[in-house]
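In the UniProt record's numbering, the protein residues as written are 1 to 589. Since the structure comes first, as structure tokens, the remarks are kept for the end.
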């Protein structure tokens, strides 16, 4: 195995490395044929084992190969456009649907496998348990691995497992494959942090809304398709359709999903990475607040869709399974307007304001549906629309706030958030079913009203600009202080994975021009300063030369004075000498 080269490319195998690598040390075709003629060589022999490994390695190379147009170019990163965003949404829809195909057809599965209803009732639980395991163990790897090969292997593996679901005749095998399918059905949760990396901060909410809408629509579409197809064909046709859809998604991702480097190219220790998710809960109050909010709102979502079947199948409605399944179309309608709401509301205001709006939508829908649903079907219809729309709004707004706190740990942040969501869904299903069994539709609906009330309390504990755990420091303003920011306050560093859009390029060019002008002005000021300093230096030199000349003049004058002084002394001695001679001569006379 050769060391990895540039992203999206593989270094050629050299002869010396091929001979030393156990994966490439398979025998030649001639040698293999010769070995095959020798009494049908044992399949467990080293040569046969190496041949199988070589075939697996070639399959690995084929799946991980990156087309030229999808390879990473650090100079010109791939553009994240609307078509790629829609592809991510479709991939999320048709992969997460694996968890929900069995929900409307459990009674048919029980008849086909020849068991009672209790035996097949555990199948959705196994799928959810596998999904929880995948969230905890696979999703954090998005901060460590390249996302393109990671996503492709997940989709390919899940699609291949679905073939087993469509063909098996054993309930035990069906249950085991369902669990494994749940583990690998985490593709949307790997893509969402990637969208957070690629989308501009000011448009991150609308980009994520497309993927979240696809995720939620996948849940609802799975119920509709499964119920309708089983009504007219067999339940196995549902899973064959799932296989075809997943392989189609894999093929489209293979052709069009760009390759991106790891967000942590230096590498991370896997177990320390898991531990860091707990540390994040002690560092970021906004993460803890978002986890509590999503726990309570997710509980209302699953509580409604679980108990709705009981309500509509009993008096006074007595609807068929097909009609009950069509209620999912109401939720799909709410998902379609989610991206537009995200673009014009969530992207323009602070996240906590949009979270509050989402909970108000949920509260209105739940209140109407709970207390009118026993005598008019309009109540559940309104609740289906507003509850789904409100939950989607809360999810998107919370993620826009969370993805700003840990730019290099978005997969781990999303994992913590989704674990809280998953726990809320399990709680809503369990508590809602028990309350419906004891007190009916109004009892289970009142639990949802209480859950939204608890979420509102948690939401109002922290203001939009509060950095501590509780409080409203910073004011009540809902407008973003930083326009090019997802949470309205955090100025994010330039992400090398993301290509700048038109406005950002113009801003970047304006900043460069301004920087160039400032540099030129600075150089001009420095030049003037240098000229001034040079003039001062020249003046100082002139002054110093004048001083030196003056000193030299004084020294010359001093020397002249000394010479003249010596001459005067000499002349005075000459004058004194004749005088003394005359005096001496007079005395002698």
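Every residue gets a Cβ at the ideal spot worked out from N, C-alpha and C, and that includes glycine. Note that this is a predicted model, so its numbers are computed, not measured.
| Check | Outcome |
| --- | --- |
| Spatial neighbours of residue 472 in its chain, beta-carbon cut-off 7 Å, leaving aside the 5 residues before and after | 463 and 466 |
| Per-residue DSSP class, three states only, for residue 223 | helix |
| C-alpha gap between residue 151 and residue 164, whole angstroms | 21 Å |
| Neighbour-count burial assignment, residue 567, 16 or more Cβ in a 10 Å radius | Below a pLDDT of 50, predicted positions are generally treated as unreliable, and residue 567, at 48, falls in that range; no measurement from the model is reported. |
| Buried or exposed (CB count within 10 angstroms, at least 16 for buried), residue 304 | buried |
| Of the listed residues 244, 82, 332 and 143, nearest to residue 381 (C-alpha basis) | 332 |
| Nonlocal neighbours in the same chain, by C-beta distance under 8 Å from residue 327, ignoring five residues either side | 308, 312, 380, 381 and 384 |
| Residue 462 - partner residues in DSSP beta bridges | 471 |
| Residue 71 versus residue 259 - alpha carbon distance | 5 Å |
| Euclidean distance between Cα positions of residue 231 and residue 275 | 47 Å |
| Exposure of residue 115, with buried meaning 16 or more beta-carbon neighbours within 10 Å | exposed |
| Simplified DSSP assignment, three categories, for residue 340 | helix |
| Exposure label - residue 414; buried when at least 16 CB within 10 Å | buried |
| The segment 395-408 / the segment 178-187 touching (three or more Cβ pairs under 8 Å) | no |
| Exposed unless 16 or more other CB atoms sit within 10 angstroms - verdict on residue 406 | buried |
| Coil, strand or helix - residue 229 by DSSP | helix |
| Assigned exposure category for residue 459 - 16 Cβ within 10 Å defines buried | buried |
| Where residue 146 falls: helix, strand or coil (DSSP) | coil |
| Close-in-space but distant-in-sequence residues of the same chain around residue 396 (CB under 8 Å, 5 per side omitted) | 205, 208, 209, 212, 338, 342, 346 and 354 |
| Inter-residue CB distance, residue 91 and residue 155 (contact presumed, cutoff 8 Å) | 7 Å |
| Closest by C-alpha distance to residue 361, when choosing among 139, 316, 300 and 329 | 300 |
| Buried or exposed (CB count within 10 angstroms, at least 16 for buried), residue 82 | exposed |
| Rounded separation between residue 291 and residue 145 - CA only | 25 Å |
| Endpoints, alpha helix (DSSP H) assigned at residue 409 | Segment: none, residue 409 is in no alpha helix (DSSP H) and carries neither H nor E. |
| Counted within 10 angstroms of its Cβ, other Cβ atoms place residue 376 as buried (16 or more) or exposed | exposed |
| C-alpha gap between residue 269 and residue 324, whole angstroms | 48 Å |
| Residue 214, DSSP secondary structure in three states | helix |
| Per-residue DSSP class, three states only, for residue 140 | helix |
| Beta-carbon spacing of residue 374, residue 442 below 8 Å | yes |
| Straight-line gap, residue 109 to residue 235 (C-alpha atoms, nearest Å) | 8 Å |
| Burial state of residue 392, where buried means 16 or more other Cβ atoms lie within 10 Å | buried |
| Whole-angstrom distance between residue 470 and residue 102, CA atom to CA atom | 43 Å |
| Buried versus exposed call for residue 281 [16 or more other C-beta atoms within 10 Å across all chains shown] | exposed |
| Where residue 318 falls, given that 16 or more other Cβ within 10 Å makes a residue buried | exposed |
| Buried or exposed (CB count within 10 angstroms, at least 16 for buried), residue 434 | exposed |
| Among 193, 199 and 321, the one whose alpha carbon lies nearest that of residue 224 | 321 |
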